[in-house]
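Contents: one structure, followed by commentary.
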Ligand SMILES: Nc1ncnc2c1ncn2[C@@H]1O[C@H](COP(=O)(O)OP(=O)(O)O)[C@@H](O)[C@H]1O
Ligand SMILES: [Mg+2]
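Protein chains in written order, with full-length UniProt numbering: chain A, 1 to 253; chain B, 1 to 252.
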């Protein structure tokens with residue numbers, strides 16, 4: 001049964017990866033907004049922002065990467081919705097394949113697609129002056145956090161993908177996610193914000209994740225941020241995975 | 001289990017409601033192994049609902065159904081091994097090529113040599129020339145043929161075709177009819193639904209009419225034609241069509 005699950009998931013992941021390689025424009029569409037924001041903040045607003053670090057683009061990059069992922073996961077909803085609408089989903093359901101392979105294939109594809117988008121954004125950041133002296137372990141830790149964050153949000157994206165009535169409904173949920181980083185430490189230090197806003201900013205998941213990645217990239221001590229960040233990611237993952245599987249189970253019975 | 005003696009499909013007292021709407025109110029029929037059975041009914045009669053229950057995609061409220069001797073409620077995995085469903089709307093992957101679609105299904109059915117199986121089916125459904133093209137460039141008839149070809153991967157003993165020709169132009173329709181006849185010739189059991197009486201007339205060994213939640217008649221074409229009220233004396237020799245039978249039975 002496990003072998004069959006792995007085999008079926010691999011076959012279906014191969015299928016949706018082909019969708020990605022045949023429409024690479026989705027990768028560019030995903031990265032265009034974060035790149036535009038990065039350029040805007042670095043070249044227009046950045047001069048007026050005091051972050052206490054030498055390079056604003058280095059300060060900014062972690063938040064931009066999270067925005068990239070938050071907009072990238074909308075494609076998982078989109079692809080899942082299209083499978084439901086086109087009847088592929090029904091066809092797969094009436095075939096003797098491991099039942100959750102269909103979802104896992106979309107989730108694994110999302111990890112690959114978002115990793116690609118993140119690489120594109122990092123390359124652009126390097127072009128405009130981002131530098132990091134972080135070694136391999138720190139980069140691996142950053143990649144791990146980003147993958148975990150992608151995984152958590154992808155399972156969230158599965159829910160509207162399975163239950164939306166229209167294509168717009170399937171991707172609309174991601175808009176608020178893209179703005180969450182704005183009220184966090186992603187663009188400016190939180191200590192410049194007024195009381196209630198600051199309280200929100202300091203206690204929402206994005207801030208701890210941004211701080212942890214920033215510390216890793218600038219070789220600062222990560223402190224407790226990394227544990228808070230991991231706790232948020234795992235917590236969100238457990239909840240979204242549980243909800244998505246629940247919706248899926250109701251859909252297939 | 002000896003599955004050779006039992007009918008390919010057995011349906012008894014099947015009931016299904018969507019909230020207040022009682023779609024199936026006790027549907028009974030059997031489909032003999034190797035035959036083509038047409039479920040005829042107007043739009044909304046419950047044909048798709050019946051097929052979805054048989055394909056384990058939907059649970060019945062009451063009654064039993066078995067495919068290839070396996071109960072759909074208690075042995076869904078065996079049922080899924082035994083049948084292939086071609087839904088009312090072509091379920092093909094538009095972004096992949098025709099060949100890739102077939103290879104995908106062959107891999108998911110855990111068959112050896114998926115490439116060879118794909119090439120064979122492409123040939124059989126006259127899709128070899130279009131094999132490498134993205135499905136989004138296919139015509140309606142080609143898409144439907146690919147859809148049916150995908151259902152045939154692995155030679156399942158029972159095939160369901162839900163309104164296989166709805167929305168096709170006459171040429172596409174003829175192509176699909178040929179495909180169904182080929183299936184019948186090689187001994188596959190085919191359950192098809194249709195709103196077109198002539199389609200049932202052309203393809204099916206037996207025809208059942210689903211009306212107001214029940215099977216109101218079930219027989220061969222000749223038997224159905226005999227059900228026509230005899231009071232009909234015409235000077236011009238005219239064979240009653242299935243349409244006449246249908247209209248007289250549903251009382252319109
Ligand atoms: N998921 C559903 N929820 C509510 N009503 C449905 C659903 N699916 C089908 N129906 C209704 O059930 C009736 C039978 O539908 P269906 O089985 O699709 O008929 P057919 O395939 O014969 O056209 C129709 O009136 C249809 O509107
Ligand atoms: Mg229907």
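Beta carbons: idealized from backbone N, C-alpha and C, even for Gly.
What residue range is occupied by the uninterrupted beta strand (DSSP E) comprising residue i?
i	result
residue 273/B	The structure shown has nothing for residue 273/B, since chain B only spans 1 to 252.
residue 15/B	9-18
residue 219/B	214-219
residue 115/B	Segment 114-124 is the alpha helix (DSSP H) holding residue 115/B; no beta strand (DSSP E) there.
residue 19/A	Counting along the chain, residue 19/A falls outside any beta strand (DSSP E), though it belongs to the alpha helix (DSSP H) covering 2-22.
residue 211/B	206-211
residue 29/B	21-31
residue 255/A	Residue 255/A lies beyond the range of chain A shown here (1 to 253); nothing can be said about it.
residue 159/B	158-162
If you count every other CB in all the chains shown that lies within 10 Å of the CB of residue i, and 16 or more means buried, which is it?
i	result
residue 168/A	exposed
residue 97/B	buried
residue 203/A	exposed
residue 251/A	exposed
residue 197/A	exposed
residue 43/A	exposed
residue 128/A	exposed
residue 242/A	exposed
residue 174/B	exposed
residue 15/A	buried
residue 210/B	buried
residue 225/A	buried
residue 172/B	buried
residue 239/A	exposed
residue 18/B	exposed
residue 68/B	buried
residue 32/B	exposed
Over what stretch of residues does the alpha helix (DSSP H) that includes residue i continue unbroken?
i	result
residue 208/A	205-217
residue 82/B	76-82
residue 64/B	Not the alpha helix (DSSP H): residue 64/B falls in the beta strand (DSSP E), residues 62-67.
residue 226/A	225-252
residue 245/B	242-249
residue 192/B	Here residue 192/B belongs to no alpha helix (DSSP H); instead the beta strand (DSSP E) covers 189-194.
residue 174/B	170-185
residue 30/A	25-40
residue 198/B	197-203
residue 100/B	98-108
Just to confirm, is the Cβ distance from residue i to residue j under 8 Å?
i	j	result
residue 144/B	residue 168/B	yes
residue 67/A	residue 37/A	yes
residue 156/A	residue 233/A	no
residue 120/A	residue 244/A	no
residue 146/B	residue 218/B	no
residue 163/B	residue 195/B	yes
residue 9/A	residue 86/A	no
residue 254/B	residue 9/B	A question about residue 254/B goes unanswered here, because the residues of chain B that appear run from 1 up to 252.
residue 216/A	residue 152/A	no
residue 109/B	residue 3/A	no
residue 192/A	residue 207/A	no
residue 94/B	residue 139/B	no
residue 71/A	residue 174/A	yes
residue 130/B	residue 142/B	yes
residue 55/A	residue 131/A	yes
residue 189/B	residue 34/B	yes
residue 149/B	residue 125/B	yes
residue 181/A	residue 63/A	yes
residue 11/B	residue 29/B	yes
Report yes or no: is there a C-beta of chain C within less than 8 Å of the C-beta of residue i?
i	result
residue 89/B	The question asks about chain C, but that chain is absent: this structure's protein chains are A and B.
For this session: Name, going along the chain, the residues of the segment 71-84 of chain B whose beta-carbon falls closer than 8 Å to a beta-carbon of chain A.
Result: 77, 80, 81, 83 and 84
Exercise. What residues in the segment 96-111 of chain B have a beta carbon less than 8 Å from any beta carbon of chain A?
Worked result: 96, 100, 104, 105, 107, 108, 109 and 110
Exercise. At which residue ranges does the segment 173-200 of chain A contain complete alpha helix (DSSP H) runs of 4 or more residues, listed in the order of the chain?
Worked result: 174-179
For this session: Anything in the segment 88-111 of chain A with a Cβ closer than 7 Å to a Cβ of chain B? List those residues in chain order, please.
Result: 88, 90, 91, 93, 94, 95, 96 and 97
Problem set entry | Members of the segment 45-62 of chain B near chain A, C-beta cut-off 8 Å | 55, 56, 57 and 59
Exercise. For the segment 162-173 of chain B, which residues have a beta carbon sitting closer than 8 Å to at least one beta carbon of chain A?
Worked result: none
Problem set entry | Segments assigned beta strand (DSSP E), at least 3 residues, entirely inside the segment 65-110 of chain A | none
Exercise. At a Cβ cut of 7 Å, what residues of the segment 74-86 of chain A count as close to chain B, listed as they run along the chain?
Worked result: 86
Exercise. Taking only runs of the alpha helix (DSSP H) that begin and end inside the segment 120-181 of chain A, which ones reach a length of at least 4 residues, in chain order?
Worked result: 136-163, 167-172 and 174-179
For this session: For the segment 140-153 of chain B, enumerate the residues whose C-beta is nearer than 7 Å to any C-beta of chain A, in chain order.
Result: none
For this session: Taking a Cβ distance cut-off of 8 Å, strictly less, list which residues of the segment 225-250 of chain A are near chain B, in chain order.
Result: none
Exercise. Which ranges would you report for the beta strand (DSSP E) in the segment 36-65 of chain B if only whole runs of at least 3 residues count?
Worked result: 36-40
Exercise. In chain order, what residues of the segment 10-30 of chain B put their CB closer than 8 Å to some CB of chain A?
Worked result: none
Exercise. Of the residues that make up the segment 166-183 of chain A, which ones have a beta carbon closer than 8 Å to any beta carbon in chain B?
Worked result: none
Exercise. Taking a cut of 8 Å between CB atoms, which residues from the segment 16-47 of chain A lie near chain B?
Worked result: 18, 19, 22 and 23
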